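Only one structure is covered here, and it is reproduced in the block below.
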Amino acid sequence: MFVLACITTGCTSTTSGTTSSIPTTATSSNPTNITFAFTGDILSHTPLIDQAKRTAIANSTAETQLDYDFRPMFLDIKPLISGVDIAVCHLETPIAPDGEELSTYPFFGVPKEITTAIADAGFDRCSTASNHTYDRGNDGIDATVNALQDVGVKQSGMARTPDEIEPLVFEVRGIKISHLSYTFSYNGLIMPDETQWRSAIINTKRILRDAQRARELGSQATIVSVHWGTEKDSNANSMQTSIADELTASGLVDLIVGHHAHVVQPTNQVNGVWVMYGLGNVLSNLPTDERWPINSQDAVIATTALTISSSGKAVFEKPVMHPTWVDKTHGWVIRDVQKSLRASTISYGLARELELSLGRTTQVLGDYITK
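Heads up: the sequence shown at position 183 corresponds to 183 in the UniProt record's numbering, and the numbers run straight through without jumps.
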């Protein structure tokens, strides 16, 4: 992928080229176009961790000795993720600090090897502000940022120092971009006043102040990731729509990407800005019984393309939604639904599950679904 220059820090990472399935926009007056992919929540529940442990044991060699191997779970979507300029995940759970026990619901601390899989799939950065951000305290935040840094993945939403929570701008082929991340709560935990800088709570005044600061740093396009909404509800609630309206009316926010509901939610334009209210769970193991609806296994990878108009305005294309489904039966593999349905070797049972998932997701997103 293309070189990213962090304007405020001087850091760099690399990305690879595009694929024909990704939306593109280019004009003779401004040929530069940046392609993006965004995914929903990554939640490493206990069955996923157990599967990753089994995979690591089965595949262990002298050269590769991971304690947990989540990489096979992402293989089916890897071509789509690695085929864009900037791929952004939402890592909802913190990494367990070194020497501490792993934990899952209700207070997560997951293996650092999930970040190895995130990097291997082709993700360039993650949003990390969520209601689980503070589950393992300051040490969990430090462990998460360190683990992502170790595998070369940038993040927004957690901070090891006060400066790290401040907006920064990175550059892709001459276009300067900022990515901000916020959450509605910390899972009932109270973050001390003196360390409020460790993450960021949703507050429209604060978000707009950060977006303004990003503009002052040279950002031409500001993306806001928000952990919000009502769990299990496929509709955006009044809080989401109100916040979206205020942010998009400001002229400072160019794209909004939502998570948390654990089901797919609608996408539409608000004040001319694309708002993706909820992308679903790209990877999780929520029990699909009376506790969670079956559509908690459904998600989408949203792709779009960014250009800068002759007047300097950031223009994101209409998002294209690529449905995914968590295949628990075959190792918690994230299935690219339509690609899998085209495979000649697919079983009848799997095809039926994928068709049902596609129907559920299409019911929410309609003509945003890729053809």
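Glycine included, C-beta positions come from ideal geometry on N, C-alpha and C.
Note that this is a predicted model, so its numbers are computed, not measured.
Minimum C-alpha distance to residue i - residue among the options
i, options, result
"L217", "Y348, L168, G366", "L168"
"Y68", "V364, R173, I95", "I95"
"R125", "A37, P192, T32, P97", "A37"
"T329", "S347, A343, R342", "S347"
"F184", "T133, V88, I223, G122", "T133"
"S310", "I175, A119, R136", "I175"
"H90", "R206, Q240, I118, L208", "I118"
"S234", "A299, I207, R209, A200", "A299"
"H45", "V88, Y105, G349", "Y105"
"D139", "R335, M191, I177", "M191"
"E100", "D135, V88, L354, I201", "D135"
"K318", "S284, I369, G312", "I369"
"T222", "I202, S250, K232, S344", "S250"
"T362", "A351, I177, H322, N285", "H322"
"L43", "G280, D98, E166, K232", "G280"
"K53", "L102, D98, T32, V84", "L102"
"K313", "R215, I334, N285", "R215"
"E231", "N131, G349, R342, D120", "N131"
"D150", "G137, Y186, E113", "E113"
Which of helix, strand or coil DSSP assigns to residue i
i, result
"N187", "coil"
"I369", "strand"
"Y348", "helix"
"I118", "helix"
"H132", "coil"
"G218", "coil"
"K176", "strand"
"S181", "strand"
"L306", "strand"
"R335", "strand"
"D76", "helix"
"R206", "helix"
"A37", "strand"
"D327", "strand"
"A314", "strand"
"R54", "helix"
"A200", "coil"
"A299", "strand"
"E166", "coil"
"S340", "helix"
"R125", "strand"
Test item: CB-CB of residue i and residue j under 8 Å
i, j, result
"W325", "V337", "yes"
"R360", "N295", "yes"
"S340", "D76", "yes"
"V270", "T39", "no"
"S181", "G122", "no"
"L306", "I34", "yes"
"L365", "V226", "no"
"L247", "T204", "yes"
"G55", "P79", "The sequence shown places Thr at residue 55, not Gly. Contact flag unset, no."
"S199", "G229", "no"
"D41", "H262", "yes"
"R155", "T128", "The displayed chain sequence assigns Gln, not Arg, to residue 155. Yes, they are a contact pair."
"I243", "I202", "yes"
"residue 397", "Q51", "In the structure displayed, the chain extends from 1 to 371; residue 397 sits before or after that span and is not available."
"I86", "V172", "yes"
"Q220", "I301", "no"
"N237", "L48", "no"
"F74", "I334", "yes"
"D98", "A143", "yes"
At which residue ranges does the region 134 to 158 contain complete beta strand (DSSP E) runs of 3 or more residues, listed in the order of the chain? 154 to 156
Pairs of beta-carbons, one from the region 153 to 173 and one from the region 102 to 111, closer than 8 Å: are there three or more? no
Tell me, please, whether the region 276 to 294 touches the region 252 to 265 by the rule of three or more beta-carbon pairs shorter than 8 Å. yes
Entirely within the region 83 to 109 and at least 3 residues each: give me those beta strand (DSSP E) ranges in chain order. 86 to 91
Residue ranges of each alpha helix (DSSP H) within the region 220 to 292, 4 or longer: 238 to 249
For the structure I just gave you, are there three or more beta carbon pairs, one from the region 191 to 198 and one from the region 284 to 293, closer than 8 Å? no
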